[in-house]
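Peer 1: Below is one structure. I have some questions about it.
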Amino acid sequence: MPTIAIVGAGPGLGRSIAKAFGDNGFSVALVARTQEKLGNLAAELTEAGIEAAGFAADVMDPASIAAAFDRIKERFGAVDVLEYSPAAHAPVPGLGNPGPIEASRADIQPQLEYYLYGGIAATEQVLPAMIERGSGTILYTTGGTSQDPLAGPAEFTTTAIGSGALRSYALKLHQATADTGVYVAHVPIFAWIGSGGPETRPETIARHYWTAHTTRDGAELPYVAL
Numbered sequence: 441m442p443t444i445a446i447v448g449a450g451p452g453l454g455r456s457i458a459k460a461f462g463d464n465g466f467s468v469a470l471v472a473r474t475q476e477k478l479g480n481l482a483a484e485l486t487e488a489g490i491e492a493a494g495f496a497a498d499v500m501d502p503a504s505i506a507a508a509f510d511r512i513k514e515r516f517g518a519v520d521v522l523e524y525s526p527a528a529h530a531p532v533p534g535l536g537n538p539g540p541i542e543a544s545r546a547d548i549q550p551q552l553e554y555y556l557y558g559g560i561a562a563t564e565q566v567l568p569a570m571i572e573r574g575s576g577t578i579l580y581t582t583g584g585t586s587q588d589p590l591a592g593p594a595e596f597t598t599t600a601i602g603s604g605a606l607r608s609y610a611l612k613l614h615q616a617t618a619d620t621g622v623y624v625a626h627v628p629i630f631a632w633i634g635s636g637g638p639e640t641r642p643e644t645i646a647r648h649y650w651t652a653h654t655t656r657d658g659a660e661l662p663y664v665a666l
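Residues in the sequence shown are numbered consecutively from 441, following our numbering.
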């Protein structure tokens, strides 16, 4: 049975992505900071007939990411799909959003660790094996300011920088893996998930992830939620 690892799994988009892949025969490894919440989500998926388990880790701590993926591999074996979507649903120590006039290097560094370095840490756990076997999918999710910094208010400066760096990494990795059998893409979401019409619902957005995995078309999803 193939496995998807969702880093940044939560009750919104993460759960919907888990269901989209789980309903298509995938086991689901859920990664986030709080084991109790992961356990509840895994139990919900299990009740729905999807094999799932939670593995606590902090994307700002590469060692904890490595340890979580060791446990994932022990439980499920190889990871076939990695979805990386860190999304803070509660305050994260060190993360803030001062405007560009006030922002310092000290403000920007944690955002780079949260988005870019966390994404690289997760990628390092799966990419070598994917390249070796010639198959695999990696999808990176960010908000719309990663693609268009003017899409959000000035107070989103440090988030735009951190997520924009992850976007650049994703696009260059797509380019570098083009002939390896590994598909890499970036998913920008221009909406507060669940805040608008049907197109912003997490289950609607999640279907685009399954389509990206199966069609393997393009370095960046054109989908924009309004």
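All residues carry an ideal CB built from backbone N, CA and C; glycine is no exception.
For LEU606, does the three-state DSSP call read helix, strand or coil?
Peer 2: As a working mapping, residue 606 is identified with position 166 in the sequence shown. Note: LEU606 maps to helix in three-state DSSP.
Peer 1: Less than 8 Å between the beta carbons of THR620 and ILE571, yes or no?
Peer 2: The residue given as residue 620 occupies position 180 in the sequence shown. The residue given as residue 571 occupies position 131 in the sequence shown. Yes. Within cutoff.
Peer 1: Report the residue from GLU553, THR563 and THR598 whose alpha carbon sits nearest the alpha carbon of VAL521.
Peer 2: Here the question's residue 521 lines up with position 81 in the sequence shown. Checked all of GLU553, THR563 and THR598; the closest Cα to VAL521 is THR563.
Peer 1: Nearest to THR706 by CA position, among ILE548, PRO442, ILE446 and GLY452, is which residue?
Peer 2: Nothing can be reported for residue 706, as the shown portion of the chain is limited to 441 through 666.
Peer 1: With a CB to CB cut of under 6 Å and the five nearest residues on each side skipped, what residues in its chain are close to ASP498?
Peer 2: In the sequence shown, residue 498 corresponds to position 58, counting from 1. The residues are ARG473 and SER504.
Peer 1: Out of curiosity, what's the CA-to-CA distance linking THR654 and ALA469?
Peer 2: Counting from 1 along the sequence shown, the entry for residue 654 is found at position 214. Counting from 1 along the sequence shown, the entry for residue 469 is found at position 29. Taking the straight line from one Cα to the other gives about 19 Å.
Peer 1: Any idea what DSSP makes of LEU522, helix, strand or coil?
Peer 2: Residue numbering aside, residue 522 sits at position 82 when the sequence shown is read from its first letter. The answer is strand: DSSP assigns LEU522 an E or B state.
Peer 1: Quick one: is PRO628 buried, meaning 16 or more other Cβ sit within 10 Å of its Cβ, or exposed?
Peer 2: Taking the sequence shown and counting its residues from 1, one reaches residue 628 at position 188. Classification for PRO628: buried.
Peer 1: For a test of the three-state rule: what should DSSP assign to GLY592, helix, strand or coil?
Peer 2: By 1-based counting over the sequence shown, the position of residue 592 is 152. Note: GLY592 maps to coil in three-state DSSP.
Peer 1: Alpha carbon to alpha carbon, how far is ASP463 from GLU491?
Peer 2: Here residue 463 corresponds to residue number 23 of the sequence shown, with the count starting at 1. Here residue 491 corresponds to residue number 51 of the sequence shown, with the count starting at 1. Cα to Cα, ASP463 sits roughly 10 Å from GLU491.
Peer 1: Please look up how many angstroms separate the CB atoms of THR585 and THR599, rounded, as I've assumed it's under 8 Å.
Peer 2: Translated into positions along the sequence shown, residue 585 becomes position 145. Translated into positions along the sequence shown, residue 599 becomes position 159. Correct: roughly 6 Å between the Cβ atoms.
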